Amino acid sequence: MPPPHENLTDSPAGDHRRNPRRRGEELERAIFAATLAELAEVGYSGLTMERVAVRARTGKATLYRRWPGRAELVVEAYTSHHLIDAEPPDTGDLRADVIATLQQLSAKLTTSHGDILRGLLAETARNPDLARVIRERVHTAGPGRIRGVLCRAVARGDIEPWVLTSRRASVAVDLIRDHFLLYGAPIPVDVITEIVDDVYLPLLVAPRTGD
């Protein structure tokens, strides 16, 4: 019997018809799970729409009706999957919440998600289409999970509302990502604390340039 990964290329995409028909969110979850599994197994360079379709037990036409190509599918699968499974912290203190959120992110980067992120970012140097989609859908989407922490800080009056849409909002996550790419994960607690105390919090409360 061939290994399971060989079945991904040898099995016809039509095999999904032996399984119950899935629609909507259920089908989307299956496709995203298959995409992430393929990324972990063969990387972006080895991922194809056909392999994802077979692994998700659906047809290629279904994928192409939703996503124009693998770059869009891969980025949406990665960003739609909760990078941090736990609920964002809500202690009522901005510093404590930011540190806890970054520690959650650090822990997640020790899993296969960290390997996938590293692979995707490395691939952007060779693949302009992927780089474009990442810029459009990841970089411009805001700081992700930490945004909830910042929104609560705005509601408490800790920071100004304009910070949410500024580049400052994503600086902590950007620095965590850069440290991860250079040194790996988990990110040491003292590094996280230094980023928050020496860089991020001062930026969040500093007056807007030009004010």
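Numbering-wise (the numbering used here), the sequence shown opens with residue 390 and increments by one. Every residue gets a Cβ at the ideal spot worked out from N, C-alpha and C, and that includes glycine. Please read all numbers here as calculations on a predicted model, not as lab measurements.
What does the Cβ neighbour count give for residue i, buried or exposed, with the cut at 16 atoms within 10 Å?
i	result
V538	buried
V585	buried
A544	exposed
S559	buried
E414	exposed
T447	buried
With DSSP collapsed to three states, give me the class of residue i.
i	result
W456	coil
A595	coil
T424	helix
S469	helix
E439	helix
A574	coil
A548	Strictly speaking, residue 548 in this sequence is Ile, with Ala absent from that position. The answer is coil: DSSP assigns I548 none of H, G, I, E or B.
T582	helix
A514	coil
R624	The chain is shown from 390 up to 600; residue 624 falls before or after that span and cannot be answered.
R330	The shown model of the chain, from 390 to 600, leaves out residue 330, and the question about it has no answer.
T556	Here the sequence assigns Arg to residue 556, which means Thr is not the residue at that position. Note: R556 maps to helix in three-state DSSP.
D587	helix
D482	coil
Enumerate in chain order the residues of its own chain whose CB-to-CB distance from residue i is below 6 Å, with the five nearest sequence positions on each side excluded.
i	result
G432	G508
L498	F569 and A574
Please tell me whether residue i and residue j are closer than 7 Å, where the distance is taken between their beta carbons.
i	j	result
R459	M438	yes
S495	A429	no
L483	D547	yes
V522	V464	yes
L519	T513	yes
A445	A419	yes
L592	R557	yes
A489	F421	no
State the CB to CB distance for the pair residue i and residue j, rounded to an integer number of angstroms; the pair is presumed to be in contact (CB under 8 Å).
i	j	result
L564	V594	About 17 Å; that fails the 8 Å criterion.
P477	R534	6 Å
L452	L436	With a Cβ gap of about 12 Å, L452 and L436 do not count as contacting.
D479	R536	Not quite, the Cβ-Cβ distance comes to about 13 Å (not below 8 Å), so this is no contact.
T468	R526	6 Å
Give every residue of the same chain whose Cβ lies closer than 7 Å to the Cβ of residue i, excluding the five residues on either side of it in the sequence, and list them in chain order.
i	result
D504	A429
Excluding the 5 residues preceding and the 5 following residue i in the sequence, name in chain order all residues of the same chain whose CB lies nearer than 8 Å to its CB.
i	result
V487	I535, V538, A561, V585, Y589 and L590
T398	Low per-residue confidence applies at T398: pLDDT is 38, beneath 50, and the placement is therefore not dependable enough to give any value.
A426	R444
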